[in-house]
Structure formats: structure tokens, C-alpha cells
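S.K.: One line per chain: the protein sequences are A and B, in this order. With the first sequence counted from 1, adding 183 to any position gets you the working numbering. With the second sequence counted from 1, adding 77 to any position gets you the working numbering. Virtual Cβ for every residue (Gly too), placed ideally from N, Cα, C.
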Amino acid sequence: MYPFTYHRATGVADALARIAQDSGAKLLSGGMTLLPSMKHRLASPSQLIDIAQLPELRGITRDGATLTVGAAMRHAEVAGDATVQAAIPSLAAAAGQIGDPQVRARGTIGGSIANNDPAADYPAAVVALKAVIITDRREIAAQDFFLGMFTTALEEGEIVTAVRFAAPKRAHYAKFRHPASGYAMTGVYVAEFEAGGARDVRVAVTGAAPSVFRWEQAEAALGKRFSVESLAGLKVSEDGLNADLHAPASYRANLARVMTLRAVAQLTGEQA
Amino acid sequence: MKVELTVNGQPRSAQVEDNTLLADLLREQFGLTGTHVGCDTSQCGCCTVMVDGQSVKSCTMLAAQAQGTKVVTVEGLSPNATEFEQLHPVQQAFAACHGLQCGFCTPGMIMATVGLLQRHPNPTDEQIREGLEGNLCRCTGYVNIIEAVKVAAKAQEAGR
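1) Nearest chain A C-beta to L102/B closer than 8 angstroms, yes or no?
2) For a test of the three-state rule: what should DSSP assign to I243/A, helix, strand or coil?
3) Please list the segments of the beta strand (DSSP E) lying wholly inside the segment 114-201 of chain B, counting only runs of 3 or more residues, in order along the chain.
4) Quick one: which chain B residues come within Cβ less than 8 angstroms of L210/A?
5) Taking the beta carbon of F332/A as the centre, do at least 16 other beta carbons fall within 10 Å, making it buried, or is it exposed?
6) Could you please give the first and the last residue of the uninterrupted alpha helix (DSSP H) stretch that includes E399/A?
7) CB-CB under 6 angstroms to L213/B, same chain, minus the five flanking residues each way: which ones, in chain order?
8) Just the C-alpha distance for V309/A and S394/A, rounded to the nearest angstrom, thanks.
9) Quick check: what's the CA-CA separation for Q178/B versus A255/A?
10) Over the uninterrupted beta strand (DSSP E) stretch that includes E224/B, give me the two end residues.
11) Could you please give me the residues that DSSP links to Q92/B through a beta bridge?
12) With DSSP as the reference, identify every bridge partner of R372/A, one or two as the case may be.
13) Run through the DSSP bridge pairs and tell me what V343/A is partnered with.
14) Kindly indicate if chain B contains any beta-carbon less than 8 angstroms away from that of A259/A.
15) Taking M188/B as the reference, which of N85/B, L139/B, G108/B, E94/B has the closest Cα?
16) Taking 8 angstroms as the CB-CB limit, is L139/B close to chain A?
17) Please classify F376/A as buried or exposed, where buried requires at least 16 neighbouring CB atoms within 10 angstroms.
18) Would you report the Cα separation of Q131/B and L417/A, rounded to the nearest angstrom?
19) Could you work out which residues of chain A lie near A189/B, taking near to mean beta carbons separated by less than 8 angstroms?
20) Would you please verify whether the beta carbon of G340/A is less than 8 angstroms from any beta carbon of chain B?
21) Relative to the alpha-carbon of G180/B, which residue among T97/B, E94/B, H113/B has its alpha-carbon at the smallest distance?
22) Closest to R440/A by C-alpha separation, out of A203/A, E239/A, G370/A, H258/A, would be which residue?
23) To be precise: take each residue of the segment 357-379 of chain A, compare its Cβ to all Cβ atoms of chain C, and keep it if any distance is under 9 angstroms. Which residues remain?
24) Output, in chain order, the set of chain B residues within a Cβ distance shorter than 7 angstroms of T188/A.
25) Would you say Q131/B reaches chain A, if we count a Cβ-Cβ gap shorter than 8 angstroms as a contact?
26) Under a Cβ-count criterion, where at least 16 other Cβ atoms within 10 Å of its own Cβ denotes burial, should Q92/B be classed as buried or exposed?
27) For the beta strand (DSSP E) that G331/A lies in, which residues bound it at each end?
28) May I have the straight-line CA-CA distance separating Q111/B from H223/A, to the nearest angstrom?
29) Could you check how far apart the C-beta atoms of A226/A and L217/A are, in whole angstroms? I think they sit under 8 angstroms.
30) On the DSSP letters alone, give me the boundaries of the beta strand (DSSP E) that V210/A sits inside.
31) Would you decide whether C216/B is buried or exposed? Buried here means 16 or more other CB atoms lie within 10 Å of its CB.
32) Using a beta-carbon distance cut-off of less than 7 angstroms, what residues from the segment 114-129 of chain B approach chain A?
33) Please name the residue, chosen from R201/A, R360/A, L210/A, that lies closest to T344/A on a Cα-to-Cα basis.
Printed below as a string of C-alpha cells:
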């Protein structure tokens, strides 16, 4: 790799001070995307500021109906954590489907969502589970966080410190993996919430478009009745969806519908 | 910069560049060439080593990130073995089942299997496939590799 300097941050304040002084600096968490990107010369930071070890960014806590995951928690840790498994089992399962075991041993939730790869798994979980992204300076609702391909609402030098999820009544992430890369060709996270007798459903689609999106038509239909039958006749528009050597937009539009059906069927015990 | 870490049970230190990869530190400065670099872009898993008890790809980790960690390479599995029977059960199983052809991916396969058997001491076929997802073999078609994992699991169970 071309030369850069490495600095292991001593705290969030230290990392913020460092990044403020060096416009070419980048934060390093697990490095599972950043380091390969640097090898491919897609990124060329002057400095890497390593925040993966900071105690301020670590830990998992449950408080009633919310679950807060520190930004530097690795995918394998989230997948294997008893608190996550008890509060939001679908989130543990989704974390366990990211990449491969070696990647899950290093990659972090904060790094994944700050990167916002179009085919990443966590953005779907974050949007479907009504998460709030906590940074060094503010809180950002999930639906305001993911702006476009590799683009988020984060300001220059802003550090994600944790993600606070809402525990749903039930949820499932149905992922159609690319057989070689393991990335989501399309993945759909369906979450059903109940508050005061009213049902609220989120359907978050990743891998199909430049960034995660909500299929609001399906949300409304499932909100009235949570059944695969409610999805009959509904279709995802292929306008603006990704088309590449793996699949045309029409294929991804169909996948989004099929994965939604599978997620709902998994939760209701119906046939997809 | 100076990096201090434990490698195969021994405290080691080295002067490295900030951009030195862990794989290159192990191979070029410590002479531990059992760790192979296949793709250098975290696809193939040939460079898999254990860092603090977990299988990771050492081509996608900076030596600087390994500061203070405990690293085990394939050389560290059975450092004093002089007889076949003294090899690590996973090493023995890969040899006994011929879980290789050219052997280039084998150190990574073995280190990934060590991690896999920690998580799943008696893995199902699906757990084996999932556990070796990050490792590519271009020769075998994986049949004997999967068999080797099963044999290693049985041997480890018998040894417990």
C-alpha cells in the first residue's frame, strides 16, 4: 500500500482533535472495507485514526424496549451476544450473515453503517428497527442517516459512537446472497412493532438500490394485516434500482418482493 | 513504528512501517512463511491466522492494529512436532483425508478450521460450509476439505 501514517486514538476526543487537524485523515474501525479500498487505490487517506479499541465505543446494553450497540462492536460479537439474541434475535442473525467468519471477527457496526455500501446488511436492520444513530455530537434517525451510495448524513470528522435499536414484536431478515461475494444481491428486513394496540411495520430493502430504502406500500399493507396475502399484487418499481453484471434492475425488483414474502412467511408460518 | 505482540506464544517486537500488513510482518520479518498471501484483497483466506483467539485475514489487518495481541500462525499449532501423531488434530486430518491438492490454501483452511471448531466443536455440514466461506480452494472442490473438518472434529472430541 502507498504510505500513510497510523495513529491509535486514545479516546473519542483525541480522534476528533486529530481528524480536525488533517483533512486527509480517515477513521479506521475494523478496516474490512477501508483497507481493501486503499489497496485498490479507491481511497488514499493521509492518516488512519484507529478507533476500534476505544472503550467509549464498545459494549451492548438493553434498556426496556431499546438495545444500544457500541459502534466498535464487531459483527461476530453482535451475532453471539446473549443480550442481542434475547432482545432482537433477528439482529443477531443478520449480523451473523455478514461477509465470512474472518470478516465478522474484525468488521464493526459503526464502520458498516458509516460506509453505507449499497449491498451491506446492517443498513436494512438499522432502518427496519427504527434505530437512532448516536454520534459524538447528536442523534440521527435511521431514515435521515442513509442518503445515497456510500453517503450518509455524517459530517466531516463526525464519529458514530453507538446505534440504538427499538426491539420489535417480531422481525426477520431475508437475504439473497451473491454466491461468491456473500453480499446481499437483495436483502429485506421486515419488522413488526405494536404500540397501544396499533401495528406498525417496517420493510427495509438493501442491495437493490444505491442505498437502503423502505417499501412503504408493503409496510401499509402489512400494517393492516400481517400476512403474505397482504402482499398479493404488490410490486417494487424497478426505477432507480441497481443494474450490473450480476442482475438487471427488474431482477432486483422481483427479489425485493420475493425476499419480503419470505421474511413475512418466516414470521407467520405461512407459505411464501 | 514499533509493534509488540505475542506470536505463537513468544513475545515479539519489530520495527514496521505504518502501512505494513500483519501478513507481511509475519512472513518477511518473522520468517513465518506458512501464512500465505493469495489474493491480497481478503477474498481467499490463505492468510488466515488467529488473533486473540479468532480467525482473521492477516492481509487485511495492519501490523499496527496487531499491537498487544496474541497471534497464532499455522507454525504455532504444533511447534515441537517431529512425528505425524504430534501434529495438531486439524493438521493430521487434512493430511489423512488429503484435504488439498496444491496445498497453497491449506494453512488458511487449517487456521479457519481451528476457529470453526472453537465455535462449533461438532459442526453440521452447513456449519462447516459457513465456517469456511471465507476460504477459497481452486483445486479440490472442497469435498475432502469438508471431510477433514469432520475427522478433526471427531479427533478433538475423542481427545477431550
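M.R.: Looking at the coordinates:
1) One-based indexing of the second sequence puts residue 102/B at position 25. Taking Cβ atoms only, chain A never reaches closer than 8 angstroms to L102/B, which makes this a no.
2) Your numbering for residue 243/A matches position 60 in the first sequence. Collapsing the DSSP output to three states places I243/A in a strand.
3) Along the length of the segment 114-201 of chain B, whole beta strand (DSSP E) runs at least 3 residues long occupy 125-128, 131-134, 147-149, reported in chain order.
4) On the first sequence, residue 210/A is found 27 positions in, with the first residue counted as 1. Listed along chain B is no residue with a C-beta nearer than 8 angstroms to that of L210/A; the closest approach is about 13 angstroms.
5) Along the first sequence, one-based indexing puts residue 332/A at 149. Looking at the sequence provided, one finds Met at residue 332/A rather than Phe. Residue environment for M332/A: exposed (fewer than 16 other C-beta atoms within 10 angstroms of its C-beta).
6) Residue numbering aside, residue 399/A sits at position 216 when the first sequence is read from its first letter. For E399/A, the enclosing alpha helix (DSSP H) stretches over residues 399-407.
7) Position 136 of the second sequence, counting from 1, holds the residue named residue 213/B. Once the five neighbours on either side are set aside, the close Cβ partners of L213/B are C121.
8) In the first sequence, counting from the first residue as 1, residue 309/A sits at position 126. In the first sequence, counting from the first residue as 1, residue 394/A sits at position 211. Computed Cα separation, rounded: 12 angstroms.
9) If you number the second sequence from 1, residue 178/B lands on position 101. If you number the first sequence from 1, residue 255/A lands on position 72. Straight across, the Cα-Cα distance linking Q178/B with A255/A is about 39 angstroms.
10) Within the second sequence, numbered from 1, the residue matching residue 224/B stands at position 147. Taken as a continuous stretch (DSSP letters only), E224/B belongs to no beta strand (DSSP E), being part of the alpha helix (DSSP H) at 220-236.
11) For the purposes of this step, residue 92/B is taken as residue 15 along the second sequence, with counting starting at 1. Partner(s): K79/B.
12) Here residue 372/A corresponds to residue number 189 of the first sequence, with the count starting at 1. One detail in the question is off: residue 372/A reads as Tyr in this sequence, not Arg. Y372/A pairs with Y356/A, A387/A.
13) Position 160 of the first sequence holds residue 343/A. T318/A.
14) By 1-based counting over the first sequence, the position of residue 259/A is 76. By this cut-off, A259/A is an interface position.
15) Locating residue 188/B in the second sequence gives position 111, where the first residue counts as 1. Of N85/B, L139/B, G108/B, E94/B, the smallest CA-CA separation from M188/B is found for N85/B.
16) Here residue 139/B corresponds to residue number 62 of the second sequence, with the count starting at 1. Chain A contact via Cβ: present.
17) Residue numbering aside, residue 376/A sits at position 193 when the first sequence is read from its first letter. By the C-beta density criterion, F376/A is buried, having at least 16 other C-beta atoms within 10 angstroms.
18) The residue you call residue 131/B lines up with position 54 of the second sequence. The residue you call residue 417/A lines up with position 234 of the first sequence. If you draw a straight line from the Cα of Q131/B to the Cα of L417/A, it is about 44 angstroms long.
19) Here residue 189/B corresponds to residue number 112 of the second sequence, with the count starting at 1. Simply P284, Q285.
20) Residue numbering aside, residue 340/A sits at position 157 when the first sequence is read from its first letter. For G340/A, no Cβ of chain B is located within less than 8 angstroms of the residue's own Cβ.
21) Here residue 180/B refers to the residue found at position 103 when the second sequence is read from its first residue. G180/B has its Cα closest to that of H113/B, out of T97/B, E94/B, H113/B.
22) Mapped onto the first sequence, residue 440/A falls at position 257. Ranking A203/A, E239/A, G370/A, H258/A by CA distance to the CA of R440/A puts G370/A first.
23) Any reference to chain C falls outside this structure, whose protein chains are A and B.
24) Numbered from 1 along the first sequence, position 5 holds the residue referred to as residue 188/A. Within 7 angstroms Cβ-Cβ: D95.
25) By 1-based counting over the second sequence, the position of residue 131/B is 54. Answer yes: the Cβ-Cβ gap between Q131/B and chain A drops below 8 angstroms somewhere.
26) If you number the second sequence from 1, residue 92/B lands on position 15. Counting C-beta atoms within 10 angstroms of its own C-beta, Q92/B has fewer than 16 neighbours from the protein chains shown and is therefore classed as exposed.
27) By 1-based counting over the first sequence, the position of residue 331/A is 148. Note, G331/A: beta strand (DSSP E), 329-331.
28) Against the second sequence, residue 111/B aligns to sequence position 34. Against the first sequence, residue 223/A aligns to sequence position 40. The identity of residue 111/B in the sequence shown is Gly, whereas the question assumes Gln. Note on geometry: alpha-carbon atoms of G111/B and H223/A lie some 25 angstroms from one another.
29) Reading the first sequence from its first residue, position 43 is the one you call residue 226/A. Reading the first sequence from its first residue, position 34 is the one you call residue 217/A. About 6 angstroms separates the beta carbons of A226/A and L217/A, which is inside the 8 angstroms limit, making them a contact pair.
30) Translated into the one-based positions of the first sequence, residue 210/A becomes position 27. The question names Val, yet the displayed sequence has Leu at residue 210/A. 208-211 is the extent of the beta strand (DSSP E) around L210/A.
31) Position 139 of the second sequence, counted from the start, is the residue given in the question as residue 216/B. C216/B counts as exposed, since fewer than 16 other beta carbons sit within 10 angstroms of its beta carbon.
32) Of all residues in the segment 114-129 of chain B, those with a C-beta nearer than 7 angstroms to a C-beta of chain A are D117, T118, S119, G122, T125, reading in chain order.
33) Numbered from 1 along the first sequence, position 161 holds the residue referred to as residue 344/A. With distances taken between CA atoms, T344/A lies nearest to L210/A out of R201/A, R360/A, L210/A.
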